[in-house]
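To convert, take the position in the sequence shown, counting from 1, and add 1117; that gives our numbering.
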Amino acid sequence: MAQEHPPRMPDRIDPALLPLLPLIYVAWADCTLTMSEMQVISEIVAKQGWLGADVQRVIRAWLDPQSPPTARELQHLLGTIRRLARRLPSARRRSLAELGIELARQGAEDLGDWETEEAQHALAEIERAMGVIGTEASQELVAAAPERVVPPEEPRRFDVAGLTGVLDGEYGEARQAVRSLLGKASFRYAYGLDKATYRERVLEWCRTLAGHSLGATAYPAAYGGRDDLGSFIATFEQLAFFDLSLVVKFGVQFGLFGGSIHQLGTRDHHDRYLHAAGTLDLPGCFAMTETGHGSNVRDVETVARFDIGSDEFVIHTPTDEARKDYIGNAALHGRLATVFAQLEIDEEHHGVHAFVVPIRSEDGDQLPGVRIEDCGEKLGLNGVDNGRIWFDHVRIPRENLLNRFADVSPGGEYHSPIADPSRRFFTMLGSLVGGRISVAAAALSAAKSGLAIAIRYGAERRQFGRAGEPEQVILDYLTHQRRLMPRLAAAYALDFAVKYLVRRFLDRTDEDAREVEALAAGIKAISTWQTIDTLQTCREACGGQGYLTVNRFAHLKADTDVFTTFEGDNTVLLQLVAKGLLTEYRHQFGELKFFGVLKFLARRTATTVTELNPIITRLTDEDHLRGPDFQLGAFTYREQRLLASAAQRLKRLFDDGHDSLSAFNSCQDHLVALARAHAERVIVEQFLIASAANQDKSFGPILKSLADLYALWRIEHDRGWFLESGYLASNKAKAIRGLVNQLCGEVRTDAVALVDAFGIPNTCLGAPIARS
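Given below as structure tokens:
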């Protein structure tokens, strides 16, 4: 005997079933009901004795989990609902039960028993059993497809050009000159270039910049420059809005190679090389890094032995690990290299010095004793010709020693105006700290580019929303704001911190040079790490569009990845910062030595931390949380507490007989945390100063919101430490989290205008998803 199948949904639905249609459709369409929930609904229907047997049988068939309706039947059911709903007022919010009754009134003259209170209560009970938000499901059922909406122009509630002027700072003229140059047709992105073509294009871009005297900006006027290092750094930062391979090659040629001759050489070297370096007639390299001693410059192994008989230095690579590695401009274009090597005279060692060493002829041929190898394809920056260099007893004249800080006489006598070898070494490296600052600035520009693309896209891209209404702009979702707005605030915070660093660097004296060097190390580390984080977040915020090469994130992410490594590995740099803090920036103790540290630690451990006020730790008032005293106080407290506790740990280790290396190695995690705390305190401090200085401007309020957001976001990020140390109570930590959400909304209102204020030329953004 054939099995009897339950009746399917007919073309014409019994009027007695109309009130159930919305409930039945949602039950199946959402695919969220379990068999037990279907059973509950069936039992509620079965209790309605006034429903006829035929109707009951149809309902049971419709709710049979073993025989769900087909897609075509569901579509037919939805069509019936929407046909009957055409004459219903669309603005009214109604439950599924209410919608069913209204549909029945449209499709039947007499509702019969459905008009009773008992029947309507049963419908409401079924809706509750389904566990759906009935009003939203009802609205979605009767909604027509929304019209495509062109997003309105984002509001401009402040003077965007005025804020750009503040960000440009005192070097606005230099920045604008670069913007104009980058707007020319010759500066355009081209994707899919092979390595050789890309390298030649970057070289031509560098030649164009040199032709506009931008490479020589920091050099004296006698050599084609303006003696303006600040404008050079601003130029470097602005170029980073375009192609980062160009930025790196520009920095290697004019900043590192030319800059080392300028800063470490004397008049004779300037006369011989500096003009040609600035015009790019003499391409050069900066050969410091070695395979075996990447961050440890003091112990590089390349040797420069002085031959008194010939009045020459002999440059030699003693082992394969001593090869110069990752040297920009070396693989193809460089003809001269500034080489850092251990100076030896008659077996006496004088430490690391810099020498000018020819590596290629004018025809591009490698010179005798010089071997160069291409580093090959890299993760990014493939427009830069990085190479490895070996020297096999290469002879250079004695005059090729860059002798600003030390010299060797024809008779082999060594002399220096700086007697202490350690101080001489750090003075030599300190004169080159501008490269570290430039990397921090360039990384920040890359982060700004990513933010401009992601925020403009987020203000236009629509996704999800209420049924029948236009989809919602994704930048209006809290999760999207949480991703992008704090990182926008971080970009502004770092902008003011980098400008402060540049001012300190340009105005540095012998007394504060080491302090500025440590500050540069800390801000470089924070800036480059923040850039990596920002670009990844922005890429994700753009979904699949962000994965397309043409929308720039592929290059931005790949090209900035190494920024955390070159000009000093970030983790190593932070240890440098911590050591500077522990020695009170050299003023009292000079180089970090055992007895100086011991004296310092004994003083620090005798200092007690003032007991925290338990009322303040629990205060959640918004004015308090947004006050600069609380914000800066939190970062200052963290820095001082970490400094004191690091000092205590080190003193205990010294007391237990550990030497300096062992003691510091045991505390490295602590020292890195201290250095980050110090750098973040400086960043917050400078942002608060800049915000206060601009409160009378139209953009003053939004700068204050950005400063509040950055400070509270960073406190929230490290809330575990603040809770652990008793600086925050749990209710205050929760209040900070809620206020960060609120501030994200405040900043979102002006987000597009804020990225426009970066002044990035649209041609540099390049990304189709970043509307102009």
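Glycine included, every Cβ here is placed at the ideal spot set by N, Cα and C.
N- and C-terminal bounds of the alpha helix (DSSP H) containing Asp1084: Here the chain comprises residues numbered 1118 to 1889, so residue 1084 is not present and cannot be evaluated.
Environment of Met1602 [buried if 16+ CB atoms lie within 10 Å]: Met1602 sits buried, since 16 or more C-beta atoms from the chains shown fall within 10 Å of its C-beta.
Gly1529 versus Asp1509, Arg1578, Ala1421, residue with shortest Cα-Cα distance: Taking only the C-alpha atoms, the option nearest Gly1529 is Ala1421.
Cβ-Cβ distance between Pro1136 and Ile1218 below 9 Å: Yes, the Cβ-Cβ distance between Pro1136 and Ile1218 is below 9 Å.
Rounded straight-line distance, which links the Cα of Arg1296 to that of Phe1622: Cα to Cα, Phe1622 sits roughly 25 Å from Arg1296.
Among Ser1842, Ala1339, Asp1825, nearest to Ser1890 - alpha-carbon criterion: Residue 1890 is absent from the structure shown; the chain starts at 1118 and stops at 1889.
Leu1871, buried or exposed, once every other Cβ within 10 Å from all chains shown has been counted against 16: Burial call: buried.
Beta-ladder partner(s) of Ile1489, from DSSP: Beta-bridge pairing links Ile1489 to Ile1506.
Alpha helix (DSSP H) segment containing Cys1655, residue limits: Its alpha helix (DSSP H) spans residues 1630 to 1658.
Cut-off 6 Å between Cβ atoms - residues of its own chain near Glu1235, not counting five sequence neighbours on either side: Contacts found: none.
Lys1301 classed as buried or exposed, judged by whether at least 16 other C-beta atoms fall within 10 angstroms: Counting other Cβ atoms within 10 Å of its Cβ, Lys1301 stays below 16 and is therefore classed as exposed.
Whole-angstrom distance between Pro1186 and Trp1179, CA atom to CA atom: Distance between the alpha carbons of Trp1179 and Pro1186 is about 7 Å.
Contact the segment 1757 to 1774 vs the segment 1783 to 1800: 3+ CB pairs below 8 Å: Under the 8 Å Cβ criterion, the segment 1757 to 1774 counts as touching the segment 1783 to 1800, having at least three qualifying pairs.
Contact under 9 Å by Cβ, Ser1566 with Leu1673: Yes, these two residues count as a Cβ contact at 9 Å.
Simplified DSSP assignment, three categories, for Gln1812: Here Gln1812 sits in coil by DSSP.
Arg1836 and Val1801 closer than 9 Å at C-beta: No. Outside cutoff.
In chain order, each alpha helix (DSSP H) run of at least 4 residues that lies wholly inside the segment 1290 to 1372: Fully enclosed alpha helix (DSSP H) runs of 4 or longer: 1312 to 1328, 1346 to 1356, 1361 to 1367.
CB contact flag (Leu1892, Pro1485, <9 Å): Shown here, the chain extends from 1118 to 1889; a query on residue 1892 therefore has no answer.
Close-in-space but distant-in-sequence residues of the same chain around Thr1724 (CB under 7 Å, 5 per side omitted): No answer about Thr1724 holds up, because its pLDDT of 36 lies below 50 and its placement is not dependable.
Sequence-distant residues of its chain with Cβ nearer than 6 Å to Gly1876 (five each side left out): So the qualifying residues of the chain are Thr1281.
Straight-line gap, Ala1810 to Val1283 (C-alpha atoms, nearest Å): About 11 Å.
Contacting residues, own chain, Cβ-Cβ under 6 Å from Trp1322 (five flanking each side not counted): These residues qualify, in order along the chain: Leu1363.
Ile1832 - containing alpha helix (DSSP H), residue span: It spans 1817 to 1834 - the alpha helix (DSSP H) in which Ile1832 sits, taken as one unbroken run.
Beta-carbon contacts of Val1689 that lie in its chain and below 8 Å, excluding the five residues immediately before and after: In the same chain as Val1689, and ignoring 5 residues on each side of it, the C-beta atoms closer than 8 Å to its own belong to Ser1412, in chain order.
Per DSSP, the bridge partner or partners of Ile1444: According to DSSP, residue pairing for Ile1444 in a beta bridge involves Gly1504.
For Val1694 and His1787, believed in contact at Cβ under 8 Å, the rounded distance: His1787 to Val1694, Cβ: 13 Å. No contact.
Terminal residues of the beta strand (DSSP E) in which Ile1732 lies: For Ile1732, no beta strand (DSSP E) segment is defined, and its DSSP state is neither H nor E.
Rounded C-alpha distance that separates Arg1720 from His1410: Unreliable positioning characterises Arg1720 in this predicted model, as indicated by a pLDDT of 48, which lies under 50. A coordinate reading is not provided.
DSSP state of Glu1479 mapped onto helix, strand, coil: Reduced to three states, the DSSP call for Glu1479 is coil.
Host beta strand (DSSP E) of Phe1403 (start-end): Note, Phe1403: beta strand (DSSP E), 1401 to 1404.
Gly1395 beta carbon less than 9 Å from that of Gly1332: Closer than 9 Å, so yes.
At least 3 beta-carbon pairs within less than 8 Å: the segment 1338 to 1352 vs the segment 1652 to 1670: Verdict: no, contact absent.
Own chain residues within Cβ distance below 8 Å of Ser1779, not counting five before or after: Within the same chain, and ignoring the five residues on either side of Ser1779 in sequence, the residues whose Cβ sits closer than 8 Å to its Cβ are Leu1770.
Straight-line Cα distance separating Leu1856 from Ser1533: When only Cα atoms are considered, Ser1533 and Leu1856 end up about 58 Å apart.
Contact belief for Gly1456 with Ile1432 at Cβ below 8 Å, rounded distance in angstroms: The residue you asked about is not Gly; residue 1456 is Val in the sequence shown. Between Ile1432 and Val1456 the Cβ distance is about 6 Å, and since that is below 8 Å, they are a contact.
Exposure label - Met1405; buried when at least 16 CB within 10 Å: A buried status is given to Met1405, since no fewer than 16 other beta-carbon atoms sit within 10 Å of its beta-carbon.
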